Each structure stands twice: as structure tokens, then as C-alpha cells.
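Residue numbers (the working numbering): 1322 to 2330.
So this is what it looks like as C-alpha cells:
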């Protein structure tokens, strides 16, 4: 499977920590684990999907090297040999000679609440009225043209054209377009407003409806993008450096090169063969306005586009606006060329296994990418849906089988197995996984043996029941949360329907239909379909690492594939139907209402724990829970900062109490409850979420993580592999090396701030040592603050809190210790040499100061960053023209009141000094003169649009901040909005001078050495 996508990688360039889970506390002290999208071995592909924006964590939080994401942190292998197959394949009755046949082409129904129309010029539109999050609107211009349509010799044309849309139209000059949109609160930056994929290009605008004139402006801009781009030769030349910098980040990095190598294997024999979404250095350098104009006129035509509008307006009004702004658009060419065929069997499936090797010296992890091609069954049809759903169900059952084999010692890989179906493009799907271990040849044999074992011996009824239960739970939760489905989800769904016929039936209809489908699948049919897939699609196996000498050869991999024999499933474990016996409730010592939010309430228990509840219908049927106590690894010993994440990881993958990891996974698959423990620098605790009906399961799991944690040998091996991977990353990934050097300077070499385990620490790691670290911080409570926010009643929360939180064992009072030596004086410059073609060049500037944490300073930090970001985008990115990504952040450490400001920029090595000089010039001017009136008002407009209740985390985070400040300064959205209206240019100027003190800073340059 392909490495993490380059777009998400770019978002991490501003961070010194990997992104925390969405429901984790925002004091940046929770241990920060990579999410699936940020892992080095994550199953996501370049430009395959629109990209969510990512908040920028603070480098002083749980400091982690940030640029190249790491592989999934998982286990070490067991010494088991593959068993020989026993007898003939299981008899499948009527499915013994199975082939799926042609799928039923009956279209799926469409939600009656969306209006779909077509103008006389052929333009399709989708409009829907929606009041979640409310008083807002999201608009898409969807163009059915992506990189697969790039002309020969002009690879990257679709992507380059996407860039050019922000360089001016007949009505708006380049600068005017960006500035007028910022006036209405639209934030701009890489990947925020458009994306190009193999198959489409999509432009995105969203507005708050309290901006007068925003609707008309949005429709005007979309109409101009659709028909009136200027595409001037001078603008193309000016944008070229930005496109090339994006290419360097995407394609010349270790991850980019490996991803492109895998894509070439995936695309072989398909319409995507030879496609390069971001082009090449040569094609980008030679791109002309004439080529872009021809692509624009050919494909940006009304009958090849759609407009999607979803928001808090009447459908009739939105439909009238679409007709007004788009009815007069006319095609600029007589006809559109035919689209390539993306139907079910476009790929010439390989006849023999494909084995290969790809390495890069900057790539630390050593692992195997293992994939199987899948038919691209048509979306939006009854038959296509049934086959896709079947293959997803098979993937889930294989995941269950592989996990059981791993826990039973039948797999020699070190990382927990995962198996999933994923799209590489609209017409290309695969099954895939990645894994690590000391003997990757044996691990490959083992993995394939288990997969083929499922086909040979057949799936079990228990595996089918468990997978079906998990799917039903997910469907039921979708139905419960339907009433708060937000504009974004609807709008992206309608774009997908236009492009590929994706399902846009109502949630009620879809849940009923898919639930009924689950009843039609049998073990025999699912086994037969897996057999058929394995017969038509041999595996694609690639070894990946820093050096060819470190990884299996192609011949060795082929031998490993050939050595695989079907492996019988391990003995099933007895299922559990409950996690624990309900404790008797503990009476609270005090309880009271809170004025921070409507109907907020809290209970204090004798063991020192406090539970705060805020009812919220932001996400229907969903409840977020974060529990946080003070102390963290600052209360442990020197060096433990590098180990606590692994202690937490080992506990989280070992089960709890008497429940094994397999039993716990099977139990949780029937619920929506999820809980993750964390130990950060200054705090420790748990974060999680559940549907309202499963909240008790969440509380019970949290209780057991405190009272009965466990660590298995498999989990220890998993974490030892994770430590080795992180150590390799720290020695090879240029941005990890850069970040670690910055952190060493920031903390002045203090031994307390160690974030990578040494080899000696790795060698000394045992289950007992990891469990000891975990229990030192998470075996009792003294000041635990539990925030419960969601769509549930107070009586239920009071009961669960009394039973599962009030009964936790009380511990001695303690708190955190601040080991931070303070921000170093003076200006330090660190240079990290990188290879010219490594795609890693860039710079970081970090500033630090201690000042009061108040609602006002939180707001000033947001406004200051918005002001600076606008100037950086205009003067560094656009005027200099060779920086794709540049931005700033200002973040507090809630526990200590220390603030960290950061500016990061990418770009070619020979342009970094100029970028640096321009950044210093911008800061110098702001410190001397403050922002202009327009800059300030734009920043306030952008900031105001962020101060809305769109997720429960906007409530959770202020509640947790009560650990450190009084209730008037926790920074609720309402508090921030009230302060925002009072912000002055003089205050912003004063705080920019405070946070970006040019006399005290650390600079890290990654440049050619």
C-alpha cells in the first residue's frame, strides 16, 4: 500500500508534533499519536480524495518530529511455522463454480431532499437546504477532468490549471480575487480551496451567511472559474515556481518517490498508466499558457461540470441563483472528447505475482507493501453496490482472521495486521496492507497463507457474525447522527455522485437497504468470492526501505509468495458479552450547575475526580469524553518521555482485565465506543467517543484501563518494532532530523526532553517495564477532570459517572513539574544538509515567551496568526513565486503559560535566504506599524468564522482548560466572539512584538549541503 499522501504531509510541515485525535484535549499535552492519514504506511493515495485541513499543533506540546510521517506503530514476530493445508478446499455447494457475473445496472435511488437539475447548456446542479452547522453555505464547482486527461508530454496540466484559477479571471485580478474572498472570511492556503485527483478537479468555497454579499460573490467566483480564467503567460511563469515546489515536496521526497513507484505498479495496464498528477519537473517547467488554455477550453465546459450548493437557504433561492449565474455559460469548443473507460475490468490483471523493490536513503522504515487488484464495480447501481459491499465485508472478515492469527502467534510479522479495500483512482480498486518484522520473507509467506487459508478452509460463521455486527453498528450510528449531518458531507457526496454515480440516497433508505443486504450474504458466497478474487488477481508485493541491502530482493519475495500454503484458522476464543460487572455508584461530594454553557453541570467525587457534562446536539447521537489529570511524564524519570507512548500503546493493544485483545476487539466491534489512553508532558488521561447507547461501554473500558490494564508479549514486540522504526526515522528522515535539532535547541539540551528511545532503552524494554510506566501515571486518580459532551441526558451521565468514575481508586495528590529551562536567549541558526533532490528543503523559525493565558490572548493569537498568514501568502508565496507552503501559528501551553510562535516555509535551497529575509521584513513592519485596517478586518473575519460550534471539541477543550485558568478565561466560542469585537490594531501589534521577538528565535534551515 502506498505511503501517506503528500497533501497531508504538507499540513504537518508547520507542526512539531503529529496531529492529536480530534477529541483529545487541546492543551497540546496529550500524547500525540499519528492518525491513519498521517502514518508512513497509511492506505491513502496521492490526490485520490479531497483533503481535510489540519490544525497546527504547538512544537512545545508532545514534541514529535513532524514532516515525514511514521509507519504504523505495531509488533514483533512470533516464531511459528506455517501449517500444511489439510485436505481439499471446503465444499461450497452451489458456489463451487462461482463467478459474480454482470452486476444489476438498476440505479440506486436518490434522496428526495436534494434537487438535481440540468441547465439548457448542459451544466448539472445539486442544491440542498441544510441547517447544520447553520448560517453557512458550501459551494463546489466540480469538473470531470483530472490528471488522466493530461495531454501527452504535458503531464500535470490539470493540476497546473487548478493553480491558475487563483491567478485571476476576467472580472477579478489575482490579488483582487484573493483579497475579496478574505474580506468574506474565506481562508486560503495549500489544499484548502481546491484539489486535483486522477479523475477530477474540484473547487470549494464556504461562507458564513452573516457576511452581506457573500452568496453573490461565491456564485460569481465559481462562474468565473468555470468560464473566464485569464491564463496569462506572465501569470503562468509566476506560478511555475510554486508548482515546482509542490512537485518537490510531493514527488522528490522519499515518500513521494515510493508512492509513485507503487502507483506505477497499480496503474499498469489501466487508463491511468503513465499518469503523474503533479506532473514532472520537465513538464511543469515547459508548461505554457497555450497548453493550459486548450485543456481549459476542452474540459471546462458546462456539460462536463456540476455546481453543488448546500447550506442554510431555501432550495428555491439556491436554484434561482444557479440559473442566474450559470445559464449563460457556453462551451468554448464544439464537443468534448470522450472520457476514458473506467468500467469494472479496465485493468489487465496480472497473470503472475508481481514482486519488486523500492528504496530511498531518506526512508527509515523497512516494510512490505502487499496488494491485490479488485474489479472497479460501478458505483450507483444495485449490482455494483452489492459487490462492493461484499468485498468490504470480506476485507473486514479477513481483518478479523488475520488479527486472530497474529494474537495466536501464527504470523511472524511484528506489526498488527490490517486489511482493507481502497481506491487508487475512480476506476481502480485494490485490497492492501503493509507490515514490518525482522524476517519479511517469512512474514509475507505467513500473511498470504492466512489469506489463502480463508479461501481454502472457508470463513467461519463467527467471523461473518462479527463482521456483520460491526457493519450494522456503523449503519445504526449513521442513522442516529443523520439529523446533524453537515454541509461538507452532503456537498462532497453530491460531487461524487456527479463524477461516478456514488450513492446519494437518503440515510434512512441507505441504512435499510444495506442492512437488508447483510442478510443476503452467506459464508459460502463470501468464501467463493474471495477464491475468485485470488484466482484472477495474484499479489503485488514490494519491499520498501532505505537501502536495497536492507530489504528482501524481488526473487526472495517471489519465493516467499510461492511458499505460502493455506493456513487453517486459529481456535476461536469465547466471546464476551460485557466488559465488567457494574460497580455500585459512589455518591458525589458536591455537584453544581455551570454557567459556561447552557445546562452545563458538574459532579465532584471523594476520590478527587470531577465530571463535567454539557449537553450538545452538534453531532446527533454522539458523545465525546476526555479525562485528564495533571502530572504526565514530567512526574516520571529522565528518559521516560521517550517511552511513555509505547507503554500506552502496549496497554491499548493488549485487552483489559480478563478480556484478551481479540475478545475486546470483538466486543467493541458491536459498539461505537472507543477509548485511547495518553500520557503527555504535563497530563495523562483518556480520550474517546461513543454513540449515546454505548456510553456505558466507554466508561467501563476507561475504568478497566485504570484498574485492570494488561500487556501481552505480542504487544511488547509490537512496541519494540515501533521504537526501532522511530529510531530509524530520526536517523534518516530529513524533517525528523530537522525537528529533533530544533527541539534540542528549544530545550537547551535538557535530558528531560528525549523523544526517541535509544537502542539501550529498546533492548531493556519488557512488558513489566512498560506496564510500570503506565501504572505510574494511570493506575489511580487525584485531580482527574472528565469532560462529557454530547447528545445524552444528564441523569444517564450522572449514573455512569458515579459508577465508573467515582469508584476509581484514589491516589496521592500530585501535579506536573516544569522542567523547561525557558526559551534560549539570542538568535540561533541551525543548518540541516539535505540532498538536492530530496524534496525536503525549507525553513522553520520558532519564538517563545511566557505571558498570561486569557480568552483575550487566545483571540489575539488567532488574529495575529491570520494577519501574518495573509501577508506570508501574498509576499512569500505569491510574489516570490517559489514557495508552495508557508504559514504561521501561535499556541499556548495551558499548563505553564508559555507560548510558542512558529513560521515554516518550503522552497528551493537557493531561495530560502530570500524567503527568510521577506519573513523578517514582514514581522519587522508589523512590529513597527501594526496591521493595516483591511488586514485586521480580514483577519477578524476569518477568525470569526472559526468561532462556531461545529464539533464537540469546541466545548471539550475549554472545559479541560479549567485545570489552569478561571472560567472566564477558558476561551469558549462565545467568550472568543465577544472579545473578537473589541480587538484593536494596537493590541495585535503589541502581541506580535511579544510573540515574534526577532531578538530571540531559533531558525532551522534545511538546504543543500
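Idealized CB from N, CA, C, for every residue including glycine.
These numbers were taken from a predicted model, which means no experiment stands behind them.
Which of helix, strand or coil DSSP assigns to residue i
i, result
"residue 1422", "coil"
"residue 1647", "helix"
"residue 2164", "strand"
"residue 2219", "strand"
"residue 2154", "strand"
"residue 1924", "strand"
"residue 1332", "Here residue 1332 scores only 32 on pLDDT, less than 50, and its place in the model is too uncertain to base an answer on."
"residue 1784", "helix"
"residue 1792", "helix"
"residue 2032", "coil"
"residue 1825", "coil"
"residue 2310", "helix"
"residue 2130", "coil"
"residue 1393", "Low per-residue confidence applies at residue 1393: pLDDT is 30, beneath 50, and the placement is therefore not dependable enough to give any value."
"residue 1276", "Residue 1276 lies beyond the range of the chain shown here (1322 to 2330); nothing can be said about it."
"residue 2316", "helix"
"residue 2055", "helix"
"residue 1842", "coil"
"residue 1481", "helix"
"residue 1995", "strand"
"residue 1879", "helix"
"residue 1797", "helix"
"residue 2305", "coil"
"residue 1778", "helix"
Nearest candidate by alpha-carbon position, reference residue i, set the options
i, options, result
"residue 2152", "2330, 2044 and 2045", "2330"
"residue 1955", "1843, 1520 and 2098", "2098"
"residue 1828", "1803, 2282, 1506 and 1815", "1803"
"residue 1656", "1834, 1494 and 1620", "1620"
"residue 1584", "2276, 1753, 1644 and 1643", "1753"
"residue 2029", "1973, 1999, 2075 and 2037", "1973"
"residue 1905", "2017, 2006 and 2128", "2128"
"residue 2312", "2080, 1605, 2171 and 1462", "2171"
"residue 1579", "1508, 1473 and 1867", "1867"
"residue 1749", "1769, 2167, 1766 and 1698", "1698"
"residue 1928", "1825, 2123 and 2164", "2123"
"residue 2215", "2195, 2292 and 1437", "2292"
"residue 2210", "1847, 2233 and 2183", "2183"
"residue 2068", "1997, 2022 and 2168", "2168"
"residue 2321", "2235, 2221 and 2304", "2221"
First and last residue of the uninterrupted alpha helix (DSSP H) at residue i
i, result
"residue 1718", "1703–1728"
"residue 1607", "1602–1607"
"residue 1545", "1535–1548"
"residue 1821", "1808–1821"
"residue 1582", "1575–1588"
"residue 2294", "2294–2301"
"residue 1593", "It is not in any alpha helix (DSSP H) - residue 1593 carries neither H nor E in the DSSP assignment."
"residue 2117", "2115–2121"
"residue 1437", "Where residue 1437 is concerned, there is no enclosing alpha helix (DSSP H), although the beta strand (DSSP E) it sits in stretches over 1436–1439."
"residue 1661", "Segment: none, residue 1661 is in no alpha helix (DSSP H) and carries neither H nor E."
"residue 1450", "It is not in any alpha helix (DSSP H) - residue 1450 instead sits in the beta strand (DSSP E) that spans 1445–1450."
Per DSSP, the bridge partner or partners of residue i
i, result
"residue 1754", "1691"
"residue 1460", "1526 and 1630"
For residue i, the first and last residue of its enclosing beta strand (DSSP E)
i, result
"residue 2327", "2322–2329"
"residue 2214", "2207–2214"
"residue 1901", "Residue 1901 -> no beta strand (DSSP E), and no H or E assigned at all."
"residue 2074", "Residue 2074 -> no beta strand (DSSP E), and no H or E assigned at all."
"residue 1617", "That residue, residue 1617, is in no beta strand (DSSP E); its alpha helix (DSSP H) goes 1610–1620."
"residue 1934", "1931–1936"
"residue 1948", "1943–1951"
Stretch pair the stretch 1825–1843 + the stretch 1544–1555: three plus CB contacts closer than 8 Å: Output reads no: the stretch 1544–1555 does not touch the stretch 1825–1843.
Measuring CB atoms only, is the stretch 1568–1579 touching the stretch 1598–1606, in the sense that at least three cross pairs come out at less than 8 Å? Result yes; three or more Cβ-Cβ pairs closer than 8 Å.
Quick one: any contact between the stretch 1981–1994 and the stretch 1717–1729, if contact means 3 or more CB pairs under 8 Å? Note that the stretch 1981–1994 touches the stretch 1717–1729; at least 3 beta-carbon pairs, one per stretch, sit closer than 8 Å.
Does the contact criterion of 3 or more C-beta pairs under 8 Å hold for the stretch 1524–1541 versus the stretch 1452–1463? Output reads yes: the stretch 1452–1463 touches the stretch 1524–1541.
Inter-stretch contact at 8 Å, needing at least 3 Cβ pairs: the stretch 1498–1506 / the stretch 1463–1476: The stretch 1498–1506 vs the stretch 1463–1476: no contact.
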